[in-house]
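Each remark here refers to the structure printed beneath this line.
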Amino acid sequence: MSEFKDIINRNRAWYCLECGKCSAVCPVTRWERTEFASPRLLMGKAMEGRKEAFFEAPLFWSCLTCKRCSELCPSDVYFSEFIRDMRQVARDEGHAGSCTHGDVIQTWGRMMTDPNLRQDRLGWLTEELETSDDSDTLLFVGCLPLYHTLFRELDIDGIETARAAVKILNHLGIAPQVMADERCCGHDQLWGGEFETFK
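For reference, each letter of the sequence shown is one residue, going 4 to 202 in the working numbering.
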């Protein structure tokens, strides 16, 4: 429980005034109309020491960690960081939320932490796109080529988005460097509480 209190203290949870500004801007609160589906109410549950109820609250795993609540908080409560830190504790204790898209995105991130993984992330480049191995500008393509496959039914073309980024840079006179063995940025692992995978 001391780790729980440390996270509460570190993220300034005690400073919450219960003004409701966080609830007014929370995109999840707008759609999730159940008990503790607002940042301040969820924070209150944690401060009461109701750990199990806290880990099972709808907002705990559905929070987007977008920081809209923290930006408006007059007390500078670090709600997104609080959620991130608590998710690590939850995972360490055997709790885990439902991952979107059947855990595919998180699995990609975990796979890319394997130092023996050899991949060719340049298959999306076409001949008319100018790149350079020694450019001062690096284009981090991230998950765009993977999203192309995952979101095909939604007509989200991650590969064309990556190509468009290179075209824009080329138009500005920049031939960016792109990495053949690019790895996951770790965003979902960090904010999902998988700190060891993130490292």
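Even for Gly, the Cβ is constructed at its ideal location relative to N, Cα and C.
This one's a predicted model, so the numbers in the text were calculated from it and none came from an experiment.
Subject >> Close-in-space but distant-in-sequence residues of the same chain around Arg94 (CB under 7 angstroms, 5 per side omitted) >> reply: Here residue 94 corresponds to residue number 91 of the sequence shown, with the count starting at 1. Leaving aside the five residues that flank Arg94 on each side, the residues in its chain whose CB is nearer than 7 angstroms to its CB run, in chain order, Gly196, Glu197.
**OP:** Let me know the alpha helix (DSSP H) ranges lying completely inside the stretch 103-181, each 4 residues or longer, listed in chain order.
**Re:** The stretch 103-181 contains, as complete alpha helix (DSSP H) runs of 4+ residues, the segments 107-114, 147-153, 161-174 (chain order).
Subject >> Any 3 or more C-beta pairs closer than 8 angstroms across the stretch 146-157 and the stretch 170-184 >> reply: No, because fewer than three Cβ pairs between the stretch 146-157 and the stretch 170-184 fall closer than 8 angstroms, the two stretches do not touch.
**OP:** Please say whether Arg15 and Val92 have beta carbons closer to each other than 7 angstroms?
**Re:** Within the sequence shown, residue 92 is the residue found at index 89, counting from 1. Within the sequence shown, residue 15 is the residue found at index 12, counting from 1. Contact flag unset, no.
Subject >> From Cys22, Thr116, Ile11, Asp139, residue whose alpha carbon lies closest to that of Gly52 >> reply: Taking the sequence shown and counting its residues from 1, one reaches residue 52 at position 49. With distances taken between Cα atoms, Gly52 lies closest to Ile11.
Original post:
Are the Cβ atoms of Leu147 and Gly161 separated by less than 7 angstroms?
Top reply: The residue labelled residue 147 in the question sits at position 144 within the sequence shown. The residue labelled residue 161 in the question sits at position 158 within the sequence shown. Note that the C-beta distance between Leu147 and Gly161 is below 7 angstroms.
Subject >> At least 3 beta-carbon pairs within less than 8 angstroms: the stretch 48-66 vs the stretch 112-122 >> reply: The stretch 48-66 is not in contact with the stretch 112-122.
Original post:
Can you list, in chain order, the residues of its chain whose CB lies under 8 angstroms from that of Gln109, leaving out five sequence neighbours each side?
Top reply: Indexing the sequence shown from 1 puts residue 109 at position 106. Around Gln109: Cys102, Asp191, Gln192, Gly195, Glu197.
Original post:
Is DSSP giving Gly52 helix, strand or coil here?
Top reply: Taking the sequence shown and counting its residues from 1, the one referred to as residue 52 is at position 49. Of the three classes helix, strand and coil, the one that applies to Gly52 here is coil, per DSSP.
Original post:
Nearest CA to the CA of Glu185: which residue from Val144, Cys69, His98?
Top reply: The residue you call residue 185 lines up with position 182 of the sequence shown. It is Val144 whose Cα lies nearest to the Cα of Glu185.
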